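All remarks here apply to the structure that follows.
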Amino acid sequence: MPHPYVPRSRFWIFVAYVYLLRVQIAVALVVFGLPIVALWLPILGTDALFGNFFVLDRRGVFLSTFTAMLVTWSAVLTTRLVLLNGADRFGLKQAWTLNDLKPWAAGIASLIVVAPMIAGQYYGWRHLSTPASTAPTSWVLLSLAGGMLAAYFTVYAALLLAVLVAPVGTLEAARTFPSPPPLRWLLEVMHRESLPGVLDDLVGWVAARLRAVARHLPEDFCAGYIDRRPELGGRPNPGYELPWSGHFLALAFAAVAALVYFGIGYIRSSHVGEQSMVPALTYVLLLLMIVNWFVSALTFLFDRFRVPLLLIVLLLGLVLGNYGPDHQFETVADAGTQDVTPSAVVLARASATPAPIVIVATAGGGIQAAAWTARVLTGLQGDVQIAPRIAMVSAVSGGAVGAMFFLDGYGRSPSGSGFDPHADLLGIVNSAEDDALDDVAFSLVYNDTPRALFGLKAGDDLLDRGRALEQHWAVQGNVQGNLSDWREGVADGWRPAVIFNSTVSETGEPMLFSTTDLPEQVTPVQNGHALLPVRKDFRRVYRRLDVPVTTAVRLASSFPYVSPAARANQGPRLEHLVDGGYYDNYGVASAIDWIDNAYRNYPQGRPFPRVLFILIKSFPNSELQNGRSRAWFFQSYAPLLALFNVRTTTQLVRDRLELLALRERLGTGADGRPLLQFASFQFPENDAPLSWKMNQKQIDAIDAQWMKIVNEADANGKEGDDLAQVRCVLAGRSAPRSARCAQVVGKDPW
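Residue 174 in our numbering sits at position 185 of the sequence shown; the count goes up by one each step and never skips.
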């Protein structure tokens, strides 16, 4: 029965079909537009977010081309269903008939949609990946052609499967599918002939059961799904009271796509954390394919009843969002280590090494911050042997990742104490620069998406994209052990204390994962709820619980949406932890608090040592925009603009003022120089990737910038002032009283 209230004019019929095909159109636009906005026409930083998805080797090119073609064909197939069954399902004028379908039309349409993706993969291999000379151009072109050919035969196999299970002579796609003569001949033979023996009986039995079910279904449900034509061309219709042939094809294609999905997942699941041939782009395309099948099925079912897709999504979100599984992070039993106060750390470090001591604060900024932090710390270790001088490191977000790989070198020396003198400094930098995006994308598609859509969890209840990051760091950097293990040696002065800064999502309070103990802060409580925010320490809040080092770092570097907000899997508290950059993107606030506490509680009669405060920033300072006259539209987004801009600006102003105040509080030494001195190492380029992957140009820029700092410091260049400051304060190559050192020892924070 045709649906009432349908449009009559051609224009509104066209609009109606565009609406009915909104999911397929959106999927096609993403496949078509993703490489364009990621590589050539970036919009609002899409190049930083998606550009490195196209850093591919030839195996990645093959798999991503293969998957892109499958996504495009899935959109074409579901589009075909709507156009051929729109009259029956939605009461619209028939858009297409089988006679309108030309054999090569679908293939040409698919190639048009996927063309930018193919070009983008070649461009990414040629310009973004490790030097293109590692693989001849012919190999990459063969990978592109091989991916397309593999996708074609996968679709062909799905069509063969559909021909086998559909009633004989009903699957007209066998006549319209673009194929060379031998393959077409096979399709036509199978289209005309029945299955042999038992298989034919089995198909007949299934068809009888389907007919029995269809007779009891309401017409509104069956419309567009069930073929109600008793005759076809003057003969009995073999598909009578069975699903339309297009649904058999869709079912077969969905089954083959599911085999591809689970096949890739099975291969990858046994190698989480290890290098994989499956790139993140392939997982993104697999997710797109899931969206197309799942959401287009929902719209085909509910659009007849005028139920909006947004309402369905909201209902699913309401149910699964409130009653589905939560994201959790691993906790273990606390080893029961003793408290280590900041003053005890400073005293032990000052006794173990000549003054001054070093405090490091390293800022956030994704994988670029990780790489730059590792490069600066290893560069300073190679230049002035800074490791024995470091008393404490306060790290945030990506900076925490780079600091983790460097700090893991303590305790690995032959004596079991101190920094390993034979540490592979280049290996530390390589670990920080290593691609973790593939693991995150894999877990998003195979763990977090089933968790969100169906409430399903992997065998490991904690396995999500955040834990995938942890496993990657543990495997690639060989980072093992719990945070309490890193307390060993802190009180003895051979291992620095560390604070990995995180944030409580529900309250905005700082949550510190530390190997040192600041005094516990208290707040008034009313009706079981705190009235004032305080600095929290995980060890004190979650008594008798500890976390792996990689977990602490992950919670300090939970880049929005890349890593989920997670709560502890043990203990009475249900608060969720996110990136520390929300409240302190530079790690300076915790460092100031720590130094101030050490100074105020330092043993009387003992001079407080000189402190060199090193700030590592992975981004240049943004140019402050001048005001100008604005029209009324500015008022609509002015509050959001201010909220966005105030975060980093406020922190920079606050941190500078508090560091200068701390310098005044600590005073001067016997030589009249301030006890607190500063050096800042800032990466000057602002095209950082907003994902856990760097391309070769970005990797090379990290090394080039450090060498530039070293060379200009050696030549007394202006840009080398901060390295000269470190050398002078630590009494390295330059004499402390030389004219050069006199110029730099009075530097302000920045």
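We put the beta carbon where it would ideally sit given N, CA and C, even for glycine.
Quick caveat: nothing in here was measured; it's all calculated off a predicted structure.
Own chain partners of residue i with C-beta closer than 6 Å, once the 5 adjacent residues on each side are dropped
i    : result
V365 : I605, F670
W483 : S406, G407
Y399 : F408, R484
S122 : Annotation note: pLDDT 44 at S122 (below 50); position unreliable, no value reported.
I581 : E647, L651
M179 : V152
Supposed contact pair residue j and residue i - C-beta distance, whole angstroms, cut 8 Å
i    : j    : result
N586 : P331 : 5 Å
A457 : S432 : 4 Å
F608 : F672 : 7 Å
E414 : T367 : Checking the displayed sequence, the identity of residue 414 turns out to be Leu instead of Glu. With 8 Å as the limit, L414 and T367 qualify as a contact, their Cβ atoms being about 4 Å apart.
S99  : W62  : 6 Å
D568 : G353 : 7 Å
T342 : R378 : 6 Å
S118 : L45  : 6 Å
Beta-carbon proximity of residue i to residue j, cut-off 8 Å
i    : j    : result
P553 : D450 : no
A380 : I346 : yes
G135 : F43  : no
V19  : L309 : no
A333 : A480 : yes
V390 : V349 : no
P232 : Y214 : yes
V329 : A486 : yes
G455 : H316 : yes
L712 : A704 : no
L336 : P513 : no
L275 : I253 : yes
L369 : V715 : yes
L287 : L298 : yes
V103 : A57  : yes
G466 : S420 : yes
G570 : Y531 : no
R361 : I691 : Looking at the sequence shown, residue 361 is not Arg but Trp. The answer is yes: Cβ separation under 8 Å.
Residue closest to residue i, alpha-carbon to alpha-carbon, out of the options
i    : options                : result
P678 : L38, Y8, V19           : L38
F289 : F633, V12, R619        : V12
H411 : N634, E422, F395, E208 : F395
L649 : W739, N419, I375       : W739
A243 : F210, S285, L160       : S285
L59  : A246, A27, I348        : A246
A578 : D644, A84, R617        : D644
A64  : G594, R524, I101, L613 : I101
T165 : P171, Q460, L176       : L176
P549 : Q370, A212, S386       : S386
M683 : P561, L23, H116, Y626  : H116
Y145 : L66, H518, A84         : L66
L73  : P170, S234, V4         : S234
I584 : A620, L632, N615, E653 : E653
A384 : P31, A358, R338, L172  : A358
Contacts around residue i, its chain only, beta-carbon distance under 8 Å, and the 5 residues preceding and following it disregarded
i    : result
L566 : F318, S491, T492, V493, S494, M500, L544, S547, A554, A555, R556
N471 : V321, A324, D535, V536, P537, V538
Y111 : V50, V129, L130, L133
L28  : D36, G40, F43, G109, Y112, G113
I25  : P105, G109
A203 : C211, I215, E230, L231
W621 : none
Chain-order list of residues whose beta-carbon lies under 7 Å from that of residue i (same chain, five-residue window excluded)
i    : result
L772 : What the structure shows of the chain is the stretch from -10 to 739, and residue 772 is not part of that stretch, so it cannot be assessed.
F443 : none
D589 : First, the residue type needs correcting, since residue 589 is Arg and not Asp in the sequence shown. Answer for R589: no residue qualifies.
T540 : F318, E319, E459
P725 : In this prediction, P725 scores a pLDDT of 43, lower than 50, which makes its location untrustworthy; no coordinate-derived value is stated.
G721 : Its pLDDT being 48, under 50, G721 is placed unreliably in this model, and the value from its coordinates should be taken loosely. Here the set comprises V373.
**Item:** Segment contact flag, the segment 71 to 80 with the segment 25 to 42, C-beta cutoff 8 Å, min 3 pairs
**Value:** Cβ pair count under 8 Å is below three, so no.
**Message:** Quick check: the segment 138 to 152 against the segment 233 to 251, are at least 3 beta-carbon pairs closer than 8 Å?
**Reply:** Yes, the segment 233 to 251 is in contact with the segment 138 to 152.
**Prompt:** Contact between the segment 503 to 516 and the segment 460 to 479: three or more CB pairs below 8 Å?
**Reply:** Contact holds: three or more Cβ-Cβ distances are below 8 Å.
**Asked** Does the count of Cβ pairs from the segment 266 to 283 and the segment 422 to 431 closer than 8 Å reach three?
**Response** Yes: at least three Cβ pairs fall under 8 Å.
**Asked** With contact counted as at least three CB pairs below 8 Å, one residue from each stretch, are the segment 582 to 600 and the segment 656 to 668 in contact?
**Response** Short answer: they touch.
**Asked** Within the chosen definition, does the segment 629 to 646 reach the segment 567 to 580 through at least 3 CB pairs nearer than 8 Å?
**Response** Segments in contact, yes.
**Prompt:** Below 8 Å, can you find three or more Cβ-Cβ pairs linking the segment 161 to 178 to the segment 193 to 203?
**Reply:** Under the Cβ criterion (8 Å, minimum of three pairs), the segment 161 to 178 does not count as touching the segment 193 to 203.
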